[in-house]
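Q: For reference, the structure I am asking about is given below.
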Amino acid sequence: GFTAWYDRGDLPLEIRFLAEVNEVIEKADNFIFIVSPHSVRSEYCRRELEYALSLGKRIIMLMHHQPDEAWDTMPDDVKKMSMIYIKKTDRYPELPGKEIIETICRQREYTEKHTRILLNALTWQRQAQDPRLLLYGKERKAALAWTRARFENETPPSRLTSLQKKFIDESEKLQPIKQVAFFLQK
8 GFTAWYDRGD
18 LPLEIRFLAE
28 VNEVIEKADN
38 FIFIVSPHSV
48 RSEYCRRELE
58 YALSLGKRII
68 MLMHHQPDEA
78 WDTMPDDVKK
88 MSMIYIKKTD
98 RYPELPGKEI
108 IETICRQREY
118 TEKHTRILLN
128 ALTWQRQAQD
138 PRLLLYGKER
148 KAALAWTRAR
158 FENETPPSRL
168 TSLQKKFIDE
178 SEKLQPIKQV
188 AFFLQK
């Protein structure tokens, strides 16, 4: 019941492709990183992971093969993340499909809202911060409520970025002006 996109390695590594990958990451609610010696050493995998981190995405780390010394060069935030082991071993005799699904579904509404606000904020930023693209009414109230969500005994699945905060703050500042304009139109 989930849609997944992954790089099969058959697309050319060019500017258009990198932009396509970034767009897919932007639209994703979750970013899954499969840890292996190859993925940890890959410049492209690192760029994708760092982009997902910069967007505040939920990162789900799947340990496939123990990485080599290249793991030490990974960002500290990444090294602190918990792992789901996806290779059968004596220690992990069952494949963790259920655990992965549960992780994706945990706080799903929160991560989906994160993505919606992020996409709106990115569009606003790319359109020279056009005030017509700011949030209004119920959307603005829902975004503000989202920023105030609290999680007991767990960290939020995704992180509020400075861009999202600025976008919501600017929407708040514009609220009285939009209300006056609405009433003047009537």
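In the numbering used here, the protein residues as written are 8 to 193.
Note that the Cβ used here is the ideal one computed from N, Cα and C, for glycine as well.
Mind checking A11: buried by the 16 CB within 10 Å criterion, or exposed?
A: By the neighbour-count rule (16 or more Cβ atoms within 10 Å), A11 is not buried but exposed.
Q: To the nearest whole angstrom, what separates the beta carbons of L69 and V42, a pair I think is in contact under 8 Å?
A: Going by Cβ atoms, the distance from L69 to V42 rounds to 7 Å, so yes, they are a contact pair.
Q: Between I91 and I67, how many whole angstroms is the CB-CB distance? I'm expecting something under 8 Å.
A: About 7 Å; that satisfies the 8 Å criterion.
Q: What does the alpha-carbon distance come out to for the pair C112 and R157?
A: So the two alpha carbons sit approximately 17 Å from each other.
Q: Closest to G8 by CA distance: which of A26, E109, H45, R65 is it?
A: It is E109 whose Cα lies nearest to the Cα of G8.
Q: What span of residues does the beta strand (DSSP E) with I107 cover, start to end?
A: Looking at the DSSP string, I107 is not in any beta strand (DSSP E); the run it does join, the alpha helix (DSSP H), is 104 to 112.
Q: Look at the Cβ atom of L2, then the Cβ atom of W131, and state whether they are nearer than 8 Å.
A: Since the first and last residues shown for the chain are 8 and 193, residue 2 lies out of range.
Q: With a threshold of 16 other CB atoms inside 10 Å of the CB of R155, please say whether the residue is buried or exposed.
A: Exposed is the call here.
Q: How would you label E55, buried or exposed, when you count the other beta carbons within 10 angstroms and need 16 or more for buried?
A: The residue in question, E55, is buried, as its Cβ has 16 or more Cβ neighbours within 10 Å.
Q: If you draw a straight line from the alpha carbon of L129 to that of E146, how long is it in whole angstroms?
A: When rounded, the distance between both Cα atoms is 16 Å.
Q: With a 10 Å radius around its C-beta and 16 neighbouring C-beta atoms as the bar for buried, classify K120 as buried or exposed.
A: That one is buried.
Q: Classify K64 as buried or exposed, calling it buried when 16 or more other Cβ atoms lie within 10 Å of its own Cβ.
A: K64 is buried by the Cβ-count criterion.
Q: So, are the CB atoms of L125 and E33 less than 8 Å apart?
A: Yes, the Cβ-Cβ distance between L125 and E33 is below 8 Å.
Q: Between the beta-carbon of P44 and the beta-carbon of P74, is there less than 8 Å?
A: Yes.
Q: Nearer than 7 Å: is that true of the beta carbon of S43 relative to any heavy atom of the ligand COA?
A: Among the components modelled here there is no ligand, and therefore nothing to report on the ligand COA.
Q: With burial defined as no fewer than 16 other Cβ atoms inside 10 Å of the residue's Cβ, what is the status of P164: buried or exposed?
A: With 16 or more other Cβ atoms within 10 Å, it is buried.
Q: Taking the alpha-carbon positions, what's the R133 to D79 distance?
A: Their Cα atoms are separated by approximately 35 Å.
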